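These protein sequence lines are chains D and P, in that order. Just so we're aligned, residue 3 is where the first sequence starts under my numbering, counting upward by one. Just so we're aligned, residue 98 is where the second sequence starts under my numbering, counting upward by one. Right, one structure below, let's go through it.
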Amino acid sequence: MQIRSMHFKARAGAAAADRALQSKLATAKGLFVDGRRRAVADIDLEATREASRAIRNRAVENLDLWLERFEQEATRRGGQVLWARDGAEICRLVADIARRHGVKKAIKSKSMLSEEAGLNAALEAAGVQPVETDLGEYILQINDNEPPSHIIAPVIHKTKEEVADLFARVHGKPRKTEIGEMTREAREMLRTHFLSADMGISGGNFLVAETGSVALVTNEGNGRMVTTLPKVHVVITGVEKVVPTLEDLATLMRILPRSATGQSISNYFSVLTGVKRPEDTDGPEHLYFILVDNGRVDLLGGDFQDMLRCIRCAACMNHCPVYQTIGGHAYGWVYPGPMGSVLTPLFVGIENALDLPHAATMCNQCGVVCPVKIPLPELMRKLREQQVERRLRPWGERTALGLWAWLARHPSLYALVAKLGVRYLNWLAEGGDRIRVMGVAPSWTDGRDFPAPEGRTFRELYAKRPKT
Amino acid sequence: MQDSREDILSRIRRRLGRTAENATTGRAEIEACLGRREQGPRPAAEADRVARFCARSEALSSTVEEVARREDAPAAVARYIAAHDLPRAAVAWRQLVGLDWSGAGLQVAGRAANGDDLIGITGVFCAVAETGTLLVLSGPDTPATASLLPETHIALVPASRIVPGMEEAFTLIRAECGALPRAVNFISGPSRTGDIEQTLVLGAHGPYRVHIVLLRDC
Ligand code: SF4
Numbered sequence: 003m004q005i006r007s008m009h010f011k012a013r014a015g016a017a018a019a020d021r022a023l024q025s026k027l028a029t030a031k032g033l034f035v036d037g038r039r040r041a042v043a044d045i046d047l048e049a050t051r052e053a054s055r056a057i058r059n060r061a062v063e064n065l066d067l068w069l070e071r072f073e074q075e076a077t078r079r080g081g082q083v084l085w086a087r088d089g090a091e092i093c094r095l096v097a098d099i100a101r102r103h104g105v106k107k108a109i110k111s112k113s114m115l116s117e118e119a120g121l122n123a124a125l126e127a128a129g130v131q132p133v134e135t136d137l138g139e140y141i142l143q144i145n146d147n148e149p150p151s152h153i154i155a156p157v158i159h160k161t162k163e164e165v166a167d168l169f170a171r172v173h174g175k176p177r178k179t180e181i182g183e184m185t186r187e188a189r190e191m192l193r194t195h196f197l198s199a200d201m202g203i204s205g206g207n208f209l210v211a212e213t214g215s216v217a218l219v220t221n222e223g224n225g226r227m228v229t230t231l232p233k234v235h236v237v238i239t240g241v242e243k244v245v246p247t248l249e250d251l252a253t254l255m256r257i258l259p260r261s262a263t264g265q266s267i268s269n270y271f272s273v274l275t276g277v278k279r280p281e282d283t284d285g286p287e288h289l290y291f292i293l294v295d296n297g298r299v300d301l302l303g304g305d306f307q308d309m310l311r312c313i314r315c316a317a318c319m320n321h322c323p324v325y326q327t328i329g330g331h332a333y334g335w336v337y338p339g340p341m342g343s344v345l346t347p348l349f350v351g352i353e354n355a356l357d358l359p360h361a362a363t364m365c366n367q368c369g370v371v372c373p374v375k376i377p378l379p380e381l382m383r384k385l386r387e388q389q390v391e392r393r394l395r396p397w398g399e400r401t402a403l404g405l406w407a408w409l410a411r412h413p414s415l416y417a418l419v420a421k422l423g424v425r426y427l428n429w430l431a432e433g434g435d436r437i438r439v440m441g442v443a444p445s446w447t448d449g450r451d452f453p454a455p456e457g458r459t460f461r462e463l464y465a466k467r468p469k470t
Numbered sequence: 098m099q100d101s102r103e104d105i106l107s108r109i110r111r112r113l114g115r116t117a118e119n120a121t122t123g124r125a126e127i128e129a130c131l132g133r134r135e136q137g138p139r140p141a142a143e144a145d146r147v148a149r150f151c152a153r154s155e156a157l158s159s160t161v162e163e164v165a166r167r168e169d170a171p172a173a174v175a176r177y178i179a180a181h182d183l184p185r186a187a188v189a190w191r192q193l194v195g196l197d198w199s200g201a202g203l204q205v206a207g208r209a210a211n212g213d214d215l216i217g218i219t220g221v222f223c224a225v226a227e228t229g230t231l232l233v234l235s236g237p238d239t240p241a242t243a244s245l246l247p248e249t250h251i252a253l254v255p256a257s258r259i260v261p262g263m264e265e266a267f268t269l270i271r272a273e274c275g276a277l278p279r280a281v282n283f284i285s286g287p288s289r290t291g292d293i294e295q296t297l298v299l300g301a302h303g304p305y306r307v308h309i310v311l312l313r314d315c
């Protein structure tokens with residue numbers, strides 16, 4: 003996917019002014035946040051988060067050994083394990099597999115790595131028709147390959163009216179506006195693809211080292227179709243997705259659907275192991291795993307290793323006040339919200355996503371809900387530090403901070419400047435309690451007011467306190 | 098291809114500070130972990146497993162009818178089909194074709210489902226009380242398509258095969274099948290999507306309806 007994360011400010015500004023977008027996000031937020039709250043009520047949430055964190059850590063801390071074990075088990079059951087360093091290599095491997103098996107059409111269940119790699123364009127170039135089958139991803143694909151704006155609700159930014167127009171135009175059928183009927187229409191369009199495709203491409207929620215399996219979670223049933231009907235199945239997943247045992251899977255499945263959609267369990271949870279057995283009536287004859295690095299390995303053993311625990315549940319963005327204001331597109335790459343603000347700079351380069359680690363209020367809502375206890379604000383703060391260390395911050399900001407640091411080391415001067423500053427802000431507020439336009443930094447008040455100070459500095463008040 | 102594998106694995110090893118000695122201890126650790134198969138924290142199991150299973154299934158928008166014996170299933174299925182105005186023809190797992198379907202006025206074929214079949218009748222390997230989930234395994238006589246392609250999925254669930262949680266389901270597979278079959282499918286209600294305006298719609302790509310015939314004395 004094309005990287006647009008460097009244009010964050012402009013795109014966030016436009017999105018922040020888009021009232022229609024915010025009303026869509028607000029409805030979804032209500033559903034996701036309330037749904038999660040209700041769903042976690044019947045488990046011991048903190049104990050389950052702690053256990054999930056431990057499972058993911060166990061995997062990451064011995065990642066090489068677990069991957070070797072996974073590879074051995076998967077191979078023993080007839081799967082072929084391939085490795086890709088980056089997106090280009092994913093595309094090359096999938097195109098090779100398609101050629102080897104004479105594939106004309108590939109049905110896809112959602113894979114974020116396929117977005118990272120821009121796989122659809124590569125498949126088309128190789129003469130293979132890619133068909134997205136997750137309803138949301140399908141809508142985006144027929145809308146000229148629009149990028150998703152949420153990792154589990156890809157068309158959260160669209161109204162049903164927009165989808166109705168799109169379906170009428172692309173399907174060439176009478177326009178429907180009832181969501182159930184629209185869903186049926188898409189089902190019928192996609193059925194023919196399911197039954198005629200020669201290759202299925204899926205992501206993987208987890209890889210199980212014990213059994214060499216891939217675990218796949220879907221609600222629509224498309225994941226099952228993609229991995230049952232075509233003769234070839236290709237799993238594309240990050241190297242970090244491995245977990246040790248089936249018991250670990252059971253624990254993670256208590257927390258993933260609850261955190262993601264507020265369900266106690268997703269409709270379909272499939273644990274897939276090896277190819278079709280000789281006596282079986284269905285299932286793929288060829289199974290490939292593509293285990294992908296694309297920036298993940300570099301996070302091991304460093305400040306950001308915690309991020310490798312992520313199970314892509316989207317709870318962090320559902321609870322993020324920034325995401326709720328601007329939606330997913332402004333983040334400019336595959337992953338939006340707090341997890342995107344950490345992953346995007348790490349995957350595409352800190353210098354290509356300077357604003358993302360700053361796109362946070364540091365309220366730690368994300369850290370509190372994250373099912374694997376990733377300290378997201380802490381990681382954003384570390385990214386900010388790296389920006390400063392690598393002198394990537396703008397000149398004005400660096401100078402201002404230098405000045406402030408100098409001032410802070412000179413207490414009486416600091417007191418004087420603070421006193422003048424408060425007077426200045428009060429003057430800007432024109433006697434009211436809000437500042438509409440911030441004189442020295444007007445862009446600060448583009449989309450919001452700045453609260454006026456109460457009148458005196460803390461030091462002044464402290465000096466005046468009644469002595470006891 | 099080989100280079101990417103070596104490259105990725107050797108970079109992982111370097112970043113983890115892997116040495117010959119800690120590889121040995123690491124291997125011992127993963128063997129121990131695989132041997133322990135430690136379970137995570139679990140919600141308190143309800144005493145009445147069958148009641149829990151039925152209540153959770155209904156919460157997931159499945160419907161449940163209870164009968165006593167396997168032989169009662171065809172009549173129960175026929176009642177459901179009549180009540181929903183569905184066609185009287187279905188595909189079923191081969192192990193179920195021995196039941197007296199024609200006596201209940203139904204035409205049942207024992208084969209995998211194709212895109213045109215409207216009703217699929219299956220058994221289960223087991224079912225999970227905690228979540229109201231059906232567990233089906235792929236196999237020569239238990240095609241995965243029967244619970245997936247038709248618009249209506251009807252499952253016969255023996256009460257004795259209801260286990261407390263997913264952990265017990267995995268234990269049962271290990272005990273009865275040895276290795277995992279190609280596909281272990283946990284099914285929790287009819288297929289659904291909330292992609293358009295986060296409005297829940299039942300019947301996305303899989304079944305619109307899941308009906309459970311609970312076999313009390315089996
Ligand atoms: S960072 Fe945590 S909350 Fe966000 S998607 Fe990953 S696992 Fe979920």
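Beta carbons: idealized from backbone N, C-alpha and C, even for Gly. The structure displayed is predicted, hence computed values, not measured ones.
Is it the case that the Cβ atoms of Ile109 of chain D and His195 of chain D are separated by a distance below 8 Å? Taking the first residue of the first sequence as position 1, residue 109 of chain D is located at position 107. Taking the first residue of the first sequence as position 1, residue 195 of chain D is located at position 193. In this structure, Ile109 of chain D places its C-beta atom within 8 Å of the C-beta atom of His195 of chain D.
Less than 7 Å separating the Cβ of Leu378 of chain D from some heavy atom of the ligand SF4? Position 376 of the first sequence, counted from the start, is the residue given in the question as residue 378 of chain D. The ligand SF4 approaches Leu378 of chain D closely enough that one of its heavy atoms is under 7 Å from the residue's Cβ.
Straight-line Cα distance separating Leu345 of chain D from Ile105 of chain P:
Here the question's residue 105 of chain P lines up with position 8 in the second sequence. Here the question's residue 345 of chain D lines up with position 343 in the first sequence. So the two alpha carbons sit approximately 19 Å from each other.
query = Nearest to Arg112 of chain P by CA position, among D:Arg298, D:Gly174, D:Thr179 and D:Asn147, is which residue?
reply = Within the second sequence, numbered from 1, the residue matching residue 112 of chain P stands at position 15. Measuring from the Cα of Arg112 of chain P, the nearest candidate turns out to be D:Arg298.
task = Compare the C-alpha of Leu131 of chain P against each of D:Ala14, D:Ile5 and D:Phe72 and name the closest.
result = Position 34 of the second sequence, counted from the first residue, corresponds to residue 131 of chain P. When each option's Cα is compared against that of Leu131 of chain P, the closest is D:Phe72.
query: Considering only C-alpha positions, which residue in the set D:Leu385, D:Thr229 and D:Asn221 is nearest to Ser215 of chain D?
result: Position 213 of the first sequence holds residue 215 of chain D. Out of D:Leu385, D:Thr229 and D:Asn221, D:Thr229 has the C-alpha closest to the C-alpha of Ser215 of chain D.
task: Say yes only if the C-beta of Val336 of chain D is nearer than 7 Å to one or more non-hydrogen atoms of the ligand SF4, and no if none qualify.
output: Stepping through the first sequence from its first residue, residue 336 of chain D is reached at position 334. Checking every heavy atom of the ligand SF4 against the Cβ of Val336 of chain D, none is found closer than 7 Å.
Sequence-distant residues of its chain with Cβ nearer than 7 Å to Leu23 of chain D (five each side left out):
As a first step, residue 23 of chain D must be located in the first sequence, where it is residue number 21. So the list reads Ala17, His159 and Gly329, once near-sequence residues are dropped.
Q.
Which residue wins for smallest C-alpha separation from Ala276 of chain P, given the options P:Leu299, P:Leu234, P:Pro138 and P:His308?
A. On the second sequence, residue 276 of chain P is found 179 positions in, with the first residue counted as 1. For Ala276 of chain P, the nearest C-alpha among the options comes from P:Leu234.
- Task: Enumerate, from N- to C-terminal direction, the unbroken alpha helix (DSSP H) stretches of 4 or more residues contained entirely within the stretch 235-314 of chain D.
- Result: Those alpha helix (DSSP H) runs which fall completely within the stretch 235-314 of chain D and span 4+ residues are 248-263.
Note down, in chain order, every chain P residue with its Cβ under 9 Å from the Cβ of Lys278 of chain D. Within the first sequence, residue 278 of chain D is the residue found at index 276, counting from 1. From the beta-carbon of Lys278 of chain D, the residues of chain P found nearer than 9 Å are Ser235 and Arg279.
Notebook entry, point to check: Pro184 of chain P CB to nearest chain D CB: under 8 Å?
Noted result: In the second sequence, the residue the question calls residue 184 of chain P occupies position 87. With respect to chain D, the C-beta atom of Pro184 of chain P has no partner C-beta closer than 8 Å.
Just to confirm the assignment, what range does the alpha helix (DSSP H) spanning Met201 of chain D have? Translated into the one-based positions of the first sequence, residue 201 of chain D becomes position 199. Judged by DSSP secondary structure, Met201 of chain D falls outside any alpha helix (DSSP H) and instead within the beta strand (DSSP E) spanning Met201 to Ser204.
field: Beta-carbon contacts of Leu192 of chain D that lie in its chain and below 6 Å, excluding the five residues immediately before and after
entry: Indexing the first sequence from 1 puts residue 192 of chain D at position 190. Thr135.
Legend entry - Assumed close pair Arg40 of chain D, Trp335 of chain D - CB separation to whole angstroms, cut-off 8 Å: Translated into the one-based positions of the first sequence, residue 40 of chain D becomes position 38. Translated into the one-based positions of the first sequence, residue 335 of chain D becomes position 333. Wrong, their Cβ atoms sit about 32 Å apart, outside the cutoff.
inquiry  = Tell me the DSSP secondary structure of Phe222 of chain P in three-state form.
reply    = The residue given as residue 222 of chain P occupies position 125 in the second sequence. Phe222 of chain P carries a coil assignment under DSSP once its states are collapsed to helix, strand and coil.
**Asked** Would DSSP call Asn147 of chain D helix, strand or coil?
**Response** Locating residue 147 of chain D in the first sequence gives position 145, where the first residue counts as 1. In the structure shown, Asn147 of chain D falls within a coil segment according to DSSP collapsed to helix, strand and coil.
| message | Closer than 7 Å to a non-hydrogen atom of the ligand SF4 - does that hold for the CB of Pro340 of chain D? | response | Within the first sequence, the letter at position 338 stands for residue 340 of chain D. Because some heavy atom of the ligand SF4 lies under 7 Å away, the Cβ of Pro340 of chain D counts as near it: yes.
Original post:
Between Ala280 of chain P and Gly285 of chain D, which are expected to be in contact by the criterion C-beta below 8 Å, what is the C-beta distance as a whole number of angstroms?
Top reply: Taking the second sequence and counting its residues from 1, one reaches residue 280 of chain P at position 183. Taking the first sequence and counting its residues from 1, one reaches residue 285 of chain D at position 283. About 6 Å separates the two Cβ atoms, so the contact holds.
DSSP on Arg6 of chain D, reduced to helix/strand/coil? As a position in the first sequence, residue 6 of chain D is number 4, starting the count at 1. Note: Arg6 of chain D maps to coil in three-state DSSP.
Helix, strand or coil: which one does DSSP assign to Pro444 of chain D? Along the first sequence, read from residue 1 onward, the residue named residue 444 of chain D stands at position 442. In this structure, Pro444 of chain D counts as helix in the three-state DSSP scheme.
### Task
Determine the closest residue to Leu69 of chain D out of P:Arg133, P:Glu103 and P:Ala209, with distance taken between C-alpha atoms.
As a position in the first sequence, residue 69 of chain D is number 67, starting the count at 1. Comparing Cα-Cα distances from Leu69 of chain D to each of P:Arg133, P:Glu103 and P:Ala209, the minimum goes to P:Glu103.
Checklist entry - Is there at least one Cβ from chain B nearer than 8 Å to Arg258 of chain P's Cβ? => result This model lacks chain B altogether, as its protein chains are D and P.
Q | Separation of Ile376 of chain D from Asn145 of chain D, as counted between CA atoms | A | As a first step, residue 145 of chain D must be located in the first sequence, where it is residue number 143. As a first step, residue 376 of chain D must be located in the first sequence, where it is residue number 374. Straight-line Cα distance between these residues: approximately 34 Å.
Selection of the stretch 126-139 of chain P by Cβ proximity to chain D, strictly under 7 Å: Residues of the stretch 126-139 of chain P with a C-beta less than 7 Å from any C-beta of chain D: Glu126, Ile127, Cys130, Leu131, Arg134, Glu135, Gln136, Gly137 and Pro138, listed in chain order.
Assuming Ala187 of chain P and Val205 of chain P form a contact by the criterion Cβ under 8 Å, report the distance between their Cβ atoms to the nearest whole angstrom.
-> Along the second sequence, one-based indexing puts residue 187 of chain P at 90. Along the second sequence, one-based indexing puts residue 205 of chain P at 108. In this structure Ala187 of chain P is in contact with Val205 of chain P, their Cβ atoms being roughly 5 Å apart against a cut-off of 8 Å.
Suppose contacts are defined by Cβ-Cβ distances below 8 Å. Is Arg166 of chain P in contact with Cys315 of chain P by that definition?
Position 69 of the second sequence, counted from the first residue, corresponds to residue 166 of chain P. Position 218 of the second sequence, counted from the first residue, corresponds to residue 315 of chain P. Yes.
Open item on the list: Please list, in chain order, the residues of the stretch 172-205 of chain D that have any C-beta partner in chain P closer than 9 Å.
Closed with: Closer than 9 Å at the C-beta level to chain P, one finds these residues of the stretch 172-205 of chain D: Ile181, Gly182, Met184, Thr185, Arg186, Ala188, Arg189, Leu192, Arg193, Thr194, Phe196 and Leu197.
Original post:
In chain P, which residues lie with their C-beta within 9 Å of the C-beta of Glu222 of chain D?
Top reply: Indexing the first sequence from 1 puts residue 222 of chain D at position 220. By Cβ distance, chain P contributes Ser288, Arg289, Thr290, Asp292, Ala301, His302 and Gly303.
Check your understanding: So Arg149 of chain P is in the alpha helix (DSSP H); what residue range does that whole segment cover?
Key -> Against the second sequence, residue 149 of chain P aligns to sequence position 52. Arg146 to Ala156 is the extent of the alpha helix (DSSP H) around Arg149 of chain P.
- Query: So does Arg317 of chain D have its beta carbon nearer than 7 Å to some heavy atom of the ligand SF4?
  - Reply: For this step, residue 317 of chain D is matched to residue 315 along the first sequence. Note that residue 317 of chain D is Ala in the sequence shown, not Arg. Taken from the Cβ of Ala317 of chain D, at least one heavy atom of the ligand SF4 lies inside 7 Å.
*Any C-beta of chain D sitting closer than 8 Å to the C-beta of Asp145 of chain P?*
In the second sequence, counting from the first residue as 1, residue 145 of chain P sits at position 48. Taking Cβ atoms only, chain D never reaches closer than 8 Å to Asp145 of chain P, which makes this a no.
In this structure, how does DSSP classify Ile105 of chain P when only helix, strand and coil are distinguished? Along the second sequence, one-based indexing puts residue 105 of chain P at 8. Here Ile105 of chain P sits in helix by DSSP.
For Leu463 of chain D, the first and last residue of its enclosing alpha helix (DSSP H)
If you number the first sequence from 1, residue 463 of chain D lands on position 461. Per DSSP, Leu463 of chain D belongs to the alpha helix (DSSP H) from Phe460 to Lys466.
Beta-carbon gap between Ala243 of chain P and Thr219 of chain P smaller than 8 Å: If you number the second sequence from 1, residue 243 of chain P lands on position 146. If you number the second sequence from 1, residue 219 of chain P lands on position 122. The Cβ atoms of Ala243 of chain P and Thr219 of chain P lie closer than 8 Å to each other.
Next on the checklist: So, for Glu264 of chain P: in the same chain, excluding its five sequence neighbours on each side, which residues have a beta-carbon less than 7 Å away from its beta-carbon?
Outcome noted: Reading the second sequence from its first residue, position 167 is the one you call residue 264 of chain P. For Glu264 of chain P, where only same-chain residues beyond five positions count, the Cβ hits under 7 Å are Gln136.
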